[in-house]
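Counted the way my numbering counts, the sequence shown spans residues 1 to 254. In what follows, a single structure is set out as structure tokens and then discussed.
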Amino acid sequence: MTQWSAISRTVPSIHSLKNTKKLSSKDVAIVDPELAETMPVKLTANTGMDALTHAIEAYVSTVACDYTDPLALHAIKMIHNDLKKSYDGDKDARTSMHNAQCLAGMAFSNALLGIVHSMAHKTGAAFSGGHIVHGAANAMYLPKVIKYNSKDERAAARYAEIAKFISLPGSTTEELVDALIAEIKEMNKSLNISSCIKDYEGGIIDEKEFNDKLSEVAANAIGDACTGSNPRIPTQEEMEKLLLACYYDKEIDF
Ligand SMILES: [Fe+2]
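Laid out in structure tokens, this is it:
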């Protein structure tokens, strides 16, 4: 759908985001829900949370605009309504998800993304125990990054707008941001996605290896193409703390 492709290869292990415009530039996209009808549940969960992350990151991106905001907000509402139903096999919900992921793709093609994606790109193939699948990585990191980004006033207000748009409870910006975080954690749980890297796929990412590579992975994540449009630009120390929070499921207080 977009000019970007997540490219994964297991041997040797690589995972990166490539601008494949020259290879895959197209005039027409076939958005046919029948293509996704036989998608396995795990893929449904992971790609659905990836699409949600696209829409949320596009909405709080520093280059979001009047043309991308409606696409992002509507995609968020559709995914919030229909991802779990699609996961449970509802065909109409799967059609809705197929359209929603396209809207989210149109939003982020112009508004770009943020550090959830920076972290997912650079942790994806960094560890010998196995791949952290792109959508699952985004799903695990999104709640942590929302908390981190919400120290930025504009980003907090935008997350609160999202929460209100999908009728989450809260009367202050902080309450609404926390409600959005809680809702995403609940969605992950209902889709059987781990809450942290330590628990991912039964613990395939070794704790010592994660800590040994932390500094290098954090530096790579800061240098990722998606970092530039994130509401806050993390320091090396902050990115390491974010990654540790994602590994051990720690709360974000910085
Ligand atoms: Fe993505």
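The beta-carbon is built from N, C-alpha and C at its ideal position, and this holds for glycine as well.
Problem set entry | Sequence-distant residues of its chain with Cβ nearer than 6 Å to residue 136 (five each side left out) | Within the same chain, residue 136 has close Cβ partners 46, 193.
For this session: Output the distance between the C-alpha atoms of residue 88 and residue 241, rounded to the nearest integer angstrom.
Result: C-alpha separation (whole angstroms): 35 Å.
For this session: Could you check how far apart the C-beta atoms of residue 132 and residue 197 are, in whole angstroms? I think they sit under 8 Å.
Result: The C-beta distance from residue 132 to residue 197 rounds to 7 Å, short enough to meet the 8 Å contact threshold.
Problem set entry | Under the three-state DSSP convention, the category residue 131 falls into | In the three-state reduction of the DSSP assignment, residue 131 falls in the coil class.
Exercise. Residue 150 to residue 91, Cα distance in whole Å?
Worked result: If I take the Cα positions, the gap works out to 36 Å.
Problem set entry | Beta-carbon proximity list for residue 73, same chain, < 6 Å, skipping 5 on both sides | Same-chain partners within the cutoff: 165.
Problem set entry | Straight-line gap, residue 172 to residue 161 (C-alpha atoms, nearest Å) | Whole-angstrom Cα-Cα distance: 11 Å.
For this session: Examine the Cβ distances between the segment 54–65 and the segment 215–234 and report whether three or more of them are shorter than 8 Å.
Result: With a cut-off of 8 Å, the segment 215–234 and the segment 54–65 count as touching, because enough Cβ pairs lie within range.
For this session: Grab me the residues of residue 208's own chain with a C-beta within less than 7 Å of its C-beta, minus the 5 sequence neighbours each way, in chain order.
Result: Nothing listed; no residue qualifies.
Problem set entry | Sub-9 Å separation of residue 143 and residue 79 beta-carbons | No.
Exercise. Exposed or buried, which one is residue 123 when buried takes at least 16 other CB atoms within 10 Å?
Worked result: Buried.
For this session: Using a threshold of 9 Å, state whether the C-beta atoms of residue 180 and residue 163 are closer than that.
Result: At the C-beta level, residue 180 and residue 163 come within 9 Å of one another.
For this session: Grab the span of the alpha helix (DSSP H) containing residue 105 for me, first residue to last.
Result: Segment 91–111, the alpha helix (DSSP H) holding residue 105.
Problem set entry | Limits of the alpha helix (DSSP H) - the one that residue 200 falls within | Segment: none, residue 200 is in no alpha helix (DSSP H) and carries neither H nor E.
For this session: Please confirm whether residue 96 and residue 86 have their CB atoms less than 9 Å apart.
Result: Yes, these two residues count as a Cβ contact at 9 Å.
Exercise. In this structure, does DSSP put residue 234 in helix, strand or coil?
Worked result: Correct three-state label for residue 234: coil.
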